[in-house]
Amino acid sequence: MKLQSAAAATLLILFAVILPCHCQTSKTKPSPSAKGEAPAAAISIISLMSAHGCKNFADTLSASPAEKTFEDNVEGGVTIFCPTDDAMKSFSPKFKNLTADGKQSVLEYHGVPVYQSMSSLRTSNGLMNTLATDGANNYDFVVQNDGQDVTLKTKVVTAKITGTVFEKEPVAIFSIDEVLEPTELFKLAPTPAPAPAPTPEADAESPKPAGKKHKSPPAPASPADSPVSSRKGKVAASTADKNGGFRFNGGAMVAPVFFIWLAHLLL
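When we follow the numbering used here, the leftmost residue of the sequence shown carries the number 712, and every step to the right adds one.
What follows is the structure, encoded as structure tokens:
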């Protein structure tokens, strides 16, 4: 009886020790992911951008307080437009001239606080808020698609999406060929002025095209020089001469008759 009692006591002790440990182990064992994907917190946006042609932007972001703004939005959904290394290199002089707050705003301007796949970007147009949007500071840009091409337009620059870096909900990262410049920090692109209209003075002084010079036709002959007038003049002169000759010849004929008659009277 004593042995049975001792055995029973031993079993009770074993159950009291082993059972709680087994239950605790079951509760702390992590459950596998339904899709076999890493949790959003494990996604390193800096590493992804660095490995896909956006290292300059990634390094700049990791050295700025803006990185925390991106990381805080990863779990809720974020879309990042990272400029390529060439784009960041060209933009570097402008970026250096900004204040610390301005630099942070430019970096946050490249993030959207919602997950947007490439297919959704290709079917949507319009204004889109960014991580830099804050009250009176709009910090927005326009998404515009043309077939398979998607562009992001500010009033200063236009950037085109050139590739997909990462696209798994809740994070999407796309590379772009220009750094997005918000109007809150940069001047608007100048509008080309229309060409001035030519003035009358300019038209008068403008050289005339070279060409053959044509002589102006001679002025019409005066009535006295016209062939008809000449003929009429000659006829009139001829008639006058004939009439005068006739009168002269008439006088010559009268003189002899007069002398003959006078002589007759005297006789």
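Even for Gly, the Cβ is constructed at its ideal location relative to N, Cα and C.
Can you name the residues that DSSP bridges to residue i?
i, result
"residue 775", "In the DSSP output, where bridge partners are listed per residue, residue 775 has none listed."
"residue 857", "860"
"residue 764", "Partner(s): none; residue 764 has no beta bridge."
"residue 754", "For residue 754, which the question treats as bridged, DSSP gives no partner whatsoever."
"residue 848", "845"
"residue 985", "Because residue 985 is not part of the residues shown, which for the chain are 712 to 978, the question remains open."
"residue 878", "883"
"residue 792", "885"
"residue 822", "791"
"residue 869", "864"
Does the distance from the CB of residue i to the CB of residue j come in under 9 Å?
i, j, result
"residue 849", "residue 892", "no"
"residue 775", "residue 814", "yes"
"residue 854", "residue 832", "yes"
"residue 826", "residue 852", "no"
Measuring only the C-alpha atoms, how far is residue i from residue j?
i, j, result
"residue 802", "residue 796", "10 Å"
"residue 872", "residue 812", "26 Å"
"residue 856", "residue 889", "16 Å"
"residue 863", "residue 881", "21 Å"
"residue 758", "residue 877", "11 Å"
"residue 767", "residue 858", "30 Å"
"residue 792", "residue 897", "19 Å"
"residue 786", "residue 865", "27 Å"
"residue 810", "residue 800", "18 Å"
"residue 794", "residue 828", "18 Å"
"residue 899", "residue 769", "27 Å"
"residue 884", "residue 846", "26 Å"
"residue 778", "residue 806", "17 Å"
"residue 875", "residue 886", "6 Å"
"residue 839", "residue 772", "21 Å"
"residue 804", "residue 790", "26 Å"
"residue 861", "residue 830", "10 Å"
Assuming residue i and residue j make a contact with CB atoms under 8 Å, what is their CB distance in whole Å?
i, j, result
"residue 867", "residue 841", "The pair is not a contact, with the Cβ atoms about 14 Å apart (cut-off 8 Å)."
"residue 781", "residue 754", "Not a contact, Cβ separation roughly 11 Å."
"residue 816", "residue 843", "5 Å"
Exposed or buried, what is residue i when buried is set at 16 or more other beta-carbons lying within 10 Å of its beta-carbon?
i, result
"residue 837", "exposed"
"residue 835", "exposed"
"residue 808", "exposed"
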